[in-house]
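Notes for the one structure printed next.
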Ligand code: CMP
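Residue numbers (my numbering): 1 to 139.
Rendered as structure tokens:
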């Protein structure tokens with residue numbers, strides 16, 4: 001059965017470019033409820049830990065550097081079929097391949113600086129949510 005929570009980050013590039021409000025509006029309009037949210041910054045160490053699954057990939061160093069380059073908005077979102085529906089809302093990892101109207105098509109500048117992260121499975125949504133939030137910060 002599909003779970004009802006996913007985890008997202010508005011990445012440093014989209015924050016720097018002033019897109020927090022527009023991205024949150026898209027998330028709300030798509031019917032997601034924000035159950036946890038914070039404005040924070042990842043250290044290089046924490047960014048490396050979050051993306052450890054990509055450690056062997058050629059873009060890992062660049063990814064860690066970018067994700068620790070400025071503040072992010074981290075959030076847990078709730079909706080039926082949350083992981084799949086959110087991935088539909090944000091579009092393909094590479095914004096050049098993202099459908100028109102998706103968050104990445106609108107606000108990403110490149111595959112590396114692709115505006116938002118979205119969990120790829122219910123299991124990872126739970127792991128990533130608890131990486132950023134204590135139980136007392138989830139409502
Ligand atoms: P995200 O969904 O946050 O998960 C892993 C990230 O790695 C991905 O978004 C991209 O930002 C980044 N990424 C994936 N492929 C590449 C690539 N070929 N070059 C640079 N960054 C990449």
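Using N, Cα and C, we set each Cβ at its ideal position, and we do this for glycine too.
Could you give the first and the last residue of the continuous beta strand (DSSP E) run that contains residue i?
i: residue 3; result: Neither: residue 3 is in no beta strand (DSSP E) and is coded neither H nor E.
i: residue 118; result: 116-118
Can you give the Cα-Cα distance for residue i and residue j, rounded to whole angstroms?
i: residue 26; j: residue 90; result: 9 angstroms
i: residue 137; j: residue 95; result: 32 angstroms
i: residue 64; j: residue 11; result: 11 angstroms
i: residue 43; j: residue 30; result: 31 angstroms
i: residue 99; j: residue 82; result: 19 angstroms
i: residue 37; j: residue 19; result: 16 angstroms
i: residue 79; j: residue 23; result: 17 angstroms
i: residue 28; j: residue 76; result: 12 angstroms
i: residue 16; j: residue 69; result: 10 angstroms
i: residue 7; j: residue 46; result: 16 angstroms
i: residue 128; j: residue 117; result: 11 angstroms
i: residue 72; j: residue 58; result: 23 angstroms
i: residue 93; j: residue 111; result: 6 angstroms
i: residue 48; j: residue 101; result: 30 angstroms
i: residue 103; j: residue 88; result: 9 angstroms
i: residue 113; j: residue 97; result: 14 angstroms
On the premise that residue j lies in contact with residue i, defined as a C-beta separation below 8 angstroms, what is that separation, rounded to the nearest angstrom?
i: residue 35; j: residue 131; result: Contact flag wrong, Cβ pair sits at about 15 angstroms.
i: residue 86; j: residue 32; result: 7 angstroms
i: residue 74; j: residue 40; result: 6 angstroms
i: residue 14; j: residue 115; result: 4 angstroms
i: residue 2; j: residue 84; result: 7 angstroms
Indicate, with yes or no, if ligand 1 has a heavy atom lying under 7 angstroms from the CB of residue i.
i: residue 218; result: Any answer about residue 218 is impossible in this case: the structure gives the chain only from 1 up to 139.
i: residue 91; result: no
i: residue 114; result: yes
i: residue 132; result: no
i: residue 142; result: Any question about residue 142 goes unanswered here, given that the chain covers just 1 to 139.
Contact criterion: CB-CB distance below 8 angstroms. Does residue i meet it with respect to chain B?
i: residue 74; result: Note that chain B does not occur in the displayed structure, where there is just one protein chain.
Hey, could you find the ends of the alpha helix (DSSP H) residue i is sitting in?
i: residue 131; result: 122-132
i: residue 13; result: 12-16
Go through the region 29-111 residue by residue and report every complete run of the beta strand (DSSP E) that reaches 3 residues or more, in order.
Entirely contained in the region 29-111, the beta strand (DSSP E) runs reaching 3 residues are, in chain order, 33-40 and 72-78.
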